[in-house]
Amino acid sequence: MVQGAGCGLKKNDLFELKIEALGNDGEGIGHYQGFTFFVKDAVPGDLICARALKFKKTYGYARVEEILTTSPDRVMPRCPVARQCGGCQLQHLSYECQLAYKQEKIKDCLERIGGVAEPYLEPIIGMEEPYYYRNKAQFPVGMRKDGSAAIGFYAGHSHHIVDTEECCIQAPVNAALMTAVREYLEECKVSPYQEETHTGLVRHILTRVGFVTGEIMVCMVINGTGLPRAEVLREKLEWAVEKWNRRESADKREVEYRLVSLCLNINTERTNVILGSRIIPLYGEPYITDYIGAVKYRISPLSFYQVNPGQTRRLYEQAMLYADLKGNEIVWDLYCGIGTISLFLAQKAKKVYGVEIVPQAIEDARKNAEMNRITNAEFFVGAAEDVLPQKYKESGDKMRADVIVVDPPRAGCARGLLEVIVRMQPERVVYVSCDPATLARDVKFLEENGFRFVKGRGVDQFGMGGHVEAVCLLSKLNIK
1 MVQGAGCGLK
11 KNDLFELKIE
21 ALGNDGEGIG
31 HYQGFTFFVK
41 DAVPGDLICA
51 RALKFKKTYG
61 YARVEEILTT
71 SPDRVMPRCP
81 VARQCGGCQL
91 QHLSYECQLA
101 YKQEKIKDCL
111 ERIGGVAEPY
121 LEPIIGMEEP
131 YYYRNKAQFP
141 VGMRKDGSAA
151 IGFYAGHSHH
161 IVDTEECCIQ
171 APVNAALMTA
181 VREYLEECKV
191 SPYQEETHTG
201 LVRHILTRVG
211 FVTGEIMVCM
221 VINGTGLPRA
231 EVLREKLEWA
241 VEKWNRRESA
251 DKREVEYRLV
261 SLCLNINTER
271 TNVILGSRII
281 PLYGEPYITD
291 YIGAVKYRIS
301 PLSFYQVNPG
311 QTRRLYEQAM
321 LYADLKGNEI
331 VWDLYCGIGT
341 ISLFLAQKAK
351 KVYGVEIVPQ
361 AIEDARKNAE
371 MNRITNAEFF
381 VGAAEDVLPQ
391 KYKESGDKMR
401 ADVIVVDPPR
411 AGCARGLLEV
421 IVRMQPERVV
431 YVSCDPATLA
441 RDVKFLEENG
451 FRFVKGRGVD
461 QFGMGGHVEA
471 VCLLSKLNIK
């Protein structure tokens, strides 16, 4: 039987545990006889009766059986399935403490991984309302025991679907859209996907909602090539949106919603990847439009687009502030997606070059530039770690940039890309990060190669979740 080394516990034992801190994914951390335990849904200050679940050599996992003493920072989750669902990790923690936790996470990574002594961090930018902020949702579809469709979100670290009618971090109109989809699936006898047997048709439902324009996209991800009686689905969705708009009088309504896109995404592979590469429009265009600040963007099902539009504007404003553009700068925006940051920066730069590996995203970026009449932005398809070194080599190592902006995925920047950035010697590097650990790793490399960390700031894009975005400024050292 697996047993915790040195702590005297075995699986399923009950024990008292004082929660002292939060881990990287928002789980509570406590120590029992010097042995570390990670406990989901536990808050610093809680004294709990814990049940031991799993042991590693130096740490273990436990769950909350009973809260013996409640932390003053614990709050009642707004969502009734918050504990089961994997979408939120911190609904039981006050929002003020969530912000403090995320600020400390960035600081700790920069110090511990990045080697930055006492990094200067401006106060984290929190949300005015940390609920109902997401403009994109991906609802997995499965089958209940009675054969009807289960639509919701995955439980933590599993593919078990927590069936739910409403999500309090998604755009509220999604509740009406999912009711319409459920009615369509039942009325038209359309089968939900079954992952174990790779049978059934509807795998996921992707929605995008324009918070400024009110435009709505519903994309059905299917294990097939067509959707039966799609006109019924369209009618039900349009009726659901119309009914939703009537819930409040026009003078109180923030936006008038409209279904402008209904499409299919074909994914017939036996895979955990949500989206396939093929999009089939059923109604309207295969995209919606929305704004960040004064810039309008075209957003396709496969596009990367920040999920929190209000906080994204604040994030990009911070990046713009750190870039300190005067109007004569050459800027490279690496991992540019659909040109969100590129076009934001182009408003104040002489020239912006964007690089992104996804062809569809670059097509959208070019359309977005054209739509906004921005002529000083140019985009290249390819991996940033390939395109930038290639362009630099083609220039005879003479290509320059005044400012380089990077917004990489969670894995951070490739080493080869960082090496070219060092050789190009920009005056400033603005690093937009969705993972403080890889941010800190890359900051360490840049600091070891002629740059210094100046300052940074967290932006909470994911209220009730454990992730945090950050933007940091590094400047070139003028070494004679």
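In our numbering, the protein residues as written are 1 to 480. Just so you know, even glycine gets a beta-carbon here, dropped at the ideal spot from N, CA and C.
With a CB to CB cut of under 8 Å and the five nearest residues on each side skipped, what residues in its chain are close to LEU325? Residue numbering aside, residue 325 sits at position 325 when the sequence shown is read from its first letter. Counting only Cβ-Cβ distances below 8 Å, and skipping sequence neighbours, we find VAL331, LEU345, LYS348, ALA349, VAL403.
Close-in-space but distant-in-sequence residues of the same chain around PRO409 (CB under 8 Å, 5 per side omitted): Here residue 409 refers to the residue found at position 409 of the sequence shown. Once the five neighbours on either side are set aside, the close Cβ partners of PRO409 are TYR335, CYS434.
CA-to-CA distance, VAL116 to ILE106, given in whole angstroms: For the purposes of this step, residue 106 is taken as the residue at position 106 of the sequence shown. For the purposes of this step, residue 116 is taken as the residue at position 116 of the sequence shown. Approximately 11 Å between the Cα atoms of the pair.
Which one of GLY45, ASP46, ALA50, ASP25 has the shortest CA to CA distance from PHE37? Here the question's residue 37 lines up with position 37 in the sequence shown. When each option's Cα is compared against that of PHE37, the closest is ALA50.
Between the stretch 453–462 and the stretch 112–129, are three or more C-beta pairs nearer than 8 Å? yes
Just confirm the distance between the C-beta atoms of ARG134 and ASN245, as a whole number of angstroms; I'd bet it's less than 8 Å. Locating residue 134 in the sequence shown gives position 134, counting from the first residue. Locating residue 245 in the sequence shown gives position 245, counting from the first residue. Between ASN245 and ARG134 the Cβ distance is about 20 Å, and since that is not below 8 Å, they are no contact.
DSSP state of ALA411 mapped onto helix, strand, coil: Numbered from its first residue, the sequence shown carries residue 411 at position 411. The answer is coil: DSSP assigns ALA411 none of H, G, I, E or B.
Buried or exposed: HIS92, going by 16 or more other Cβ atoms within 10 Å of its Cβ? Looking up residue 92 in the sequence shown gives position 92. So HIS92 ends up on the buried side.
Three-state secondary structure (DSSP) of ASP508: This structure does not reach residue 508, given that the chain is present from 1 up to 480, and the question cannot be answered.
Based on the DSSP output, what are the partners of TYR353 in its beta bridges? As a first step, residue 353 must be located in the sequence shown, where it is residue number 353. Answer is TRP332, GLU378.
Near VAL420, what residues of its chain come up, given a Cβ to Cβ distance below 7 Å and the 5 sequence neighbours on each side ignored? Numbered from 1 along the sequence shown, position 420 holds the residue referred to as residue 420. Around VAL420: LEU388, PRO389, TYR392.
Taking the alpha carbon of TYR184 as the reference point, which residue from GLN360, GLN311, MET220 has its own alpha carbon closest? Position 184 of the sequence shown, counting from 1, holds the residue named residue 184. Nearest C-alpha to TYR184: MET220.
For MET143, write down the residues that DSSP places opposite it in a beta bridge. Position 143 of the sequence shown, counted from the start, is the residue given in the question as residue 143. MET143 is bridged to ALA149.
Please report how far the alpha carbon of LEU47 lies from the alpha carbon of ASP146, in whole angstroms. The residue labelled residue 47 in the question sits at position 47 within the sequence shown. The residue labelled residue 146 in the question sits at position 146 within the sequence shown. Cα to Cα, LEU47 sits roughly 40 Å from ASP146.
Sheet register partners of MET217 (DSSP bridge): In the sequence shown, counting from the first residue as 1, residue 217 sits at position 217. ARG208, SER261.
Could you tell me if GLN306 is buried or exposed, where buried requires 16 or more neighbouring beta carbons within 10 angstroms of its beta carbon? One-based indexing of the sequence shown puts residue 306 at position 306. With 16 or more Cβ atoms within 10 Å of its Cβ, GLN306 is classed as buried.
For TYR32, does the three-state DSSP call read helix, strand or coil? Position 32 of the sequence shown, counting from 1, holds the residue named residue 32. It is a strand residue.
Counting only beta-carbon separations shorter than 7 Å, does GLN347 have a partner in chain B? Absent from the structure is chain B; it holds one protein chain and no more.
Is the beta carbon of ALA240 less than 7 Å from the beta carbon of LEU177? To locate residue 240, count along the sequence shown from 1; it is residue 240. To locate residue 177, count along the sequence shown from 1; it is residue 177. One thing to note: ALA240 has its Cβ within 7 Å of the Cβ of LEU177.
Helix or strand or just coil, what does DSSP make of SER71? Numbered from 1 along the sequence shown, position 71 holds the residue referred to as residue 71. The answer is coil: DSSP assigns SER71 none of H, G, I, E or B.
Measuring straight from C-alpha to C-alpha, what distance separates SER71 and VAL232? Residue mapping note: residue 71 aligns to position 71 of the sequence shown, counting from 1. Residue mapping note: residue 232 aligns to position 232 of the sequence shown, counting from 1. Using only the alpha carbons, I get a separation of about 50 Å.
List the endpoints of the continuous alpha helix (DSSP H) containing VAL162. Taking the first residue of the sequence shown as 1, we reach residue 162 at position 162. VAL162 -> not in any alpha helix (DSSP H); beta strand (DSSP E) instead, spanning 161–163.
Nearest to ASN482 by CA position, among PRO228, HIS204, ILE299, is which residue? The shown model of the chain, from 1 to 480, leaves out residue 482, and the question about it has no answer.
Pairs of beta-carbons, one from the stretch 311–326 and one from the stretch 222–236, closer than 8 Å: are there three or more? no
For the stretch 466–474 against the stretch 135–143, do three or more pairs of beta-carbon atoms, one drawn from each stretch, fall closer than 8 Å, so that the two count as touching? no
Can you check whether the CB of ALA52 is closer than 7 Å to the CB of LYS102? As a first step, residue 102 must be located in the sequence shown, where it is residue number 102. As a first step, residue 52 must be located in the sequence shown, where it is residue number 52. Not a contact, by the Cβ cut-off of 7 Å.
Euclidean distance between Cα positions of ILE19 and PRO80: For this step, residue 19 is matched to residue 19 along the sequence shown. For this step, residue 80 is matched to residue 80 along the sequence shown. When rounded, the distance between both Cα atoms is 23 Å.
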